[in-house]
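Colleague: Numbering (my numbering), first residue to last: 1 to 540. The beta-carbon is built from N, C-alpha and C at its ideal position, and this holds for glycine as well. The model shown is predicted, which means the values in this text are computed figures rather than measured ones.
1) Considering Cα atoms alone, identify which of 55, 36, 39, 67 is closest to residue 23.
2) Helix, strand or coil for residue 20? Go by DSSP, reduced to three states.
3) Can you list, in chain order, the residues of its chain whose CB lies under 8 Å from that of residue 359, leaving out five sequence neighbours each side?
4) Out of 166, 46, 433, 495, state which residue places its alpha-carbon closest to the alpha-carbon of residue 534.
5) Here's a check: name, in chain order, each residue in its chain whose Cβ is nearer than 7 Å to the Cβ of residue 380, leaving out the five neighbours to either side.
6) So, under 8 Å CB-CB, residue 523 and residue 514 are touching, yes? Tell me the CB distance rounded to an integer number of Å.
7) Which whole-angstrom value is the C-beta distance of residue 101 and residue 87, which I expect to be below 8 Å?
8) What's the gap between the Cα of residue 434 and the Cα of residue 440?
9) Jot down the residue ranges of each uninterrupted beta strand (DSSP E) in the stretch 63-115, minimum 3 residues, whole runs only, in chain order.
10) From residue 455 to residue 464, what distance separates their C-alpha atoms?
11) For the stretch 443-457 against the stretch 303-311, are there 3 or more C-beta pairs whose distance is under 8 Å?
12) State the beta-bridge partners of residue 418 as determined by DSSP.
13) Below 8 Å CB to CB, which residues in the same chain sit around residue 192 once its five sequence neighbours on both sides are set aside?
14) Beta-carbon separation of residue 470 and residue 528 under 7 Å?
15) Does DSSP put residue 54 in a helix, in a strand, or in coil?
16) Quick one: what does DSSP say residue 272 is sitting in, helix, strand or coil?
17) Go through its chain and collect everything with a Cβ distance to residue 526's Cβ below 8 Å, but skip five positions before and after it.
18) Once you ignore the five residues that flank residue 365 on each side, which residues in its own chain have a CB closer than 8 Å to its CB?
19) Use the C-beta contact count for residue 148: other C-beta atoms within 10 angstroms, 16 or more gives buried, fewer gives exposed.
20) Measuring straight from C-alpha to C-alpha, what distance separates residue 167 and residue 290?
21) Specify the secondary structure class of residue 152 as computed by DSSP and reduced to three states.
22) In this structure, what does DSSP give as the bridge partners for residue 118?
23) Give me the Cα-Cα distance between residue 541 and residue 111, rounded to the nearest whole angstrom.
24) Could you give the distance in angstroms between the alpha-carbon of residue 274 and the alpha-carbon of residue 417?
25) Determine the direct distance from the alpha carbon of residue 269 to that of residue 260, and round the result to whole angstroms.
26) Would DSSP call residue 371 helix, strand or coil?
27) What's the C-alpha gap between residue 85 and residue 164?
28) From residue 205 to residue 196, what distance separates their C-alpha atoms?
29) With burial defined as no fewer than 16 other Cβ atoms inside 10 Å of the residue's Cβ, what is the status of residue 394: buried or exposed?
30) Whole angstroms is fine: what's the gap from residue 116's alpha carbon to residue 91's?
31) Which of helix, strand or coil does DSSP assign to residue 47?
32) Under a Cβ-count criterion, where at least 16 other Cβ atoms within 10 Å of its own Cβ denotes burial, should residue 328 be classed as buried or exposed?
33) Pairing CB atoms from the stretch 331-341 with CB atoms from the stretch 312-320, are three or more of them under 8 Å?
34) Going by other Cβ atoms of all chains shown within 10 Å of its Cβ, with 16 needed for buried, is residue 559 buried or exposed?
35) Distance, Cα to Cα, residue 285 vs residue 267?
36) Nearest-angstrom Cα distance between residue 54 and residue 36?
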């Protein structure tokens, strides 16, 4: 067969006129509104335009990619692409910092052509929230990568700009797009597009103008100015860390007798060693808020005993690290989550105002608040006096009957009086909490944990301190609490296996890190297997 010489076809010069823009946003951030505005803006200025989207999974968990292509009208219908391609995006708008990172990972941001517009705020992903420890990704690393990966990088807190204007982030993202100068349209055309939407026009235009100016000047808005100059390429420096100033606490109000008892407890906390002081003050406030002044006395009594043992073990040479950690984790252990605690937090003064502020509800707007509860027999029976609760648990049929009665999902409108009064009454059960079955078990667990730590204190100060830190695994209530306790027990068993080794503290810290690493506990399984094999080899 003879080879055929094909004459290369010259590329269509009009391809260079196509502007390719992608918007990455999490559900609920207004990405659809923004893409509609961009389409309307293009059509308003005589451009042919097409918009597509790849939807995320669910509200505030799934991220959506909105893709827009536009070019000046030529009288012929152009054929646009349906999705962005790697290395072929002119403008990338990220409604949140990690979305900018995702865009870079997908190859949508390139140093030869892409202008990256990103809001520096964080809206935590589900994967970050379910992490047993701190699963929050490093925004600074994304900023550094963006500075290197984009041709131009415009970044500031666009969520804050919108919030201060009483609008939503789509308005400030639209303003940043205008300020970037990447689209050949006048600012007034953007404003006309917003006006045509007909909703929240004044607030949206205010947010638009503030963000546009910030993007034009490559700096954060005046309310968030920093002293450092922008880095090359229009990259904004990280927000400056404010200098902490001493603020006098607000005077407390209440019966003089109770105020006097509080001052006495505060004086006891203030007498503790300096390294312990900030933790003890915060811990005392937490346990008193959780229960009462008598509970605060119990907290300080326990802490004084731990400090005495710390001193005997040479704690001064270690800056009383053992007692400082005890002050922190003991307060958390004594303030365990139960049904009265949850009810208390949901009926506190000021909660309605905070919710209205977060929802940006204007004056006169009715806000409905629906709470979801799914109690089990375990939680309900644990509220009863220890003797009665234990007796019910020993009767399987009775316990199963109670579970059948209460184990169902309930939605309560706490903006209405009946549901609010119900929760307010449940919150009042805190008065009998210290006689309950749950409290008896929690305090027994605390005694066992502190006993393990103090038994190691005379021999291995660092290992005793790491034992205290294992308590951070326990949090929440119901299934979350049960999973935390299970991990706690496994780490404590591993800590017992390495006891007596020179590196016992280091191994306990590794086990804790592994337990905090993932919800399923696979990393902890591997670390424990290593400890067991190491112990077996030592015995052999």
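Modeller: Quick look at the numbers:
1) Position 23 of the chain shown, counted from the start, is the residue given in the question as residue 23. If we check each option's Cα against that of residue 23, 67 comes out closest.
2) Sequence index remark: in the chain shown, residue 20 carries index 20 (1-based). Note: residue 20 maps to strand in three-state DSSP.
3) As a first step, residue 359 must be located in the chain shown, where it is residue number 359. Result list for residue 359: 367, in chain order.
4) For the purposes of this step, residue 534 is identified with residue 534 of the chain shown, where counting begins at 1. Checked all of 166, 46, 433, 495; the closest Cα to residue 534 is 495.
5) As a working mapping, residue 380 is identified with position 380 in the chain shown. The residues are 402, 406.
6) Indexing the chain shown from 1 puts residue 523 at position 523. Indexing the chain shown from 1 puts residue 514 at position 514. Confirmed, Cβ separation roughly 4 Å.
7) Position 101 of the chain shown, counted from the start, is the residue given in the question as residue 101. Position 87 of the chain shown, counted from the start, is the residue given in the question as residue 87. That belief does not hold up - the Cβ atoms of residue 101 and residue 87 are roughly 17 Å apart, past 8 Å.
8) Counting from 1 along the chain shown, the entry for residue 434 is found at position 434. Counting from 1 along the chain shown, the entry for residue 440 is found at position 440. Those two C-alpha atoms are separated by around 7 Å.
9) 63-72, 91-94
10) Here residue 455 corresponds to residue number 455 of the chain shown, with the count starting at 1. Here residue 464 corresponds to residue number 464 of the chain shown, with the count starting at 1. Between residue 455 and residue 464, the C-alpha separation is close to 8 Å.
11) yes
12) As a working mapping, residue 418 is identified with position 418 in the chain shown. Residue 418 is not bridged to any residue.
13) Counting from 1 along the chain shown, the entry for residue 192 is found at position 192. For residue 192, where only same-chain residues beyond five positions count, the Cβ hits under 8 Å are 44.
14) By one-based count along the chain shown, residue 470 stands at place 470. By one-based count along the chain shown, residue 528 stands at place 528. In this structure, residue 528 does not lie closer than 7 Å to residue 470 by Cβ.
15) The count along the chain shown starts at 1 and reaches residue 54 at position 54. Looking at residue 54 - three-state DSSP - the assignment turns out to be strand.
16) Working through the chain shown from its first residue, we reach residue 272 at position 272. DSSP places residue 272 in coil when its eight states are reduced to three.
17) What you label residue 526 is simply residue 526 of the chain shown in a count that begins at 1. If we look at residue 526 and ignore the five residues flanking it on each side, its Cβ neighbours are 514.
18) By 1-based counting over the chain shown, the position of residue 365 is 365. Hits under 8 Å: 356.
19) Within the chain shown, the letter at position 148 stands for residue 148. It counts as exposed.
20) Indexing the chain shown from 1 puts residue 167 at position 167. Indexing the chain shown from 1 puts residue 290 at position 290. If you take the alpha carbons of residue 167 and residue 290, they lie about 36 Å apart.
21) As a first step, residue 152 must be located in the chain shown, where it is residue number 152. Strand at residue 152.
22) As a first step, residue 118 must be located in the chain shown, where it is residue number 118. Paired residue(s): 94, 155.
23) Absent from the model: residue 541. The displayed extent of the chain is 1 to 540, so no value can be given.
24) For the purposes of this step, residue 274 is identified with residue 274 of the chain shown, where counting begins at 1. For the purposes of this step, residue 417 is identified with residue 417 of the chain shown, where counting begins at 1. Approximately 47 Å, taken between the alpha carbons.
25) Locating residue 260 in the chain shown gives position 260, counting from the first residue. Locating residue 269 in the chain shown gives position 269, counting from the first residue. About 14 Å.
26) Translated into the one-based positions of the chain shown, residue 371 becomes position 371. In the structure shown, residue 371 sits in a strand (DSSP, three-state: E or B).
27) Taking the chain shown and counting its residues from 1, the one referred to as residue 85 is at position 85. Taking the chain shown and counting its residues from 1, the one referred to as residue 164 is at position 164. When rounded, the distance between both Cα atoms is 36 Å.
28) Numbered from its first residue, the chain shown carries residue 205 at position 205. Numbered from its first residue, the chain shown carries residue 196 at position 196. Straight-line Cα distance between these residues: approximately 12 Å.
29) Reading the chain shown from its first residue, position 394 is the one you call residue 394. Residue 394 comes out exposed.
30) As a first step, residue 116 must be located in the chain shown, where it is residue number 116. As a first step, residue 91 must be located in the chain shown, where it is residue number 91. Rounded to the nearest angstrom, the two C-alpha atoms are 6 Å apart.
31) Translated into positions along the chain shown, residue 47 becomes position 47. Strand, per DSSP.
32) Reading the chain shown from its first residue, position 328 is the one you call residue 328. Classification of residue 328: buried, given that the 10 Å Cβ count is 16 or more.
33) no
34) The displayed coordinates of the chain run from 1 to 540. Any statement about residue 559 would go beyond what the structure contains.
35) One-based indexing of the chain shown puts residue 285 at position 285. One-based indexing of the chain shown puts residue 267 at position 267. So the two alpha carbons sit approximately 13 Å from each other.
36) Here residue 54 refers to the residue found at position 54 when the chain shown is read from its first residue. Here residue 36 refers to the residue found at position 36 when the chain shown is read from its first residue. Approximately 15 Å, taken between the alpha carbons.
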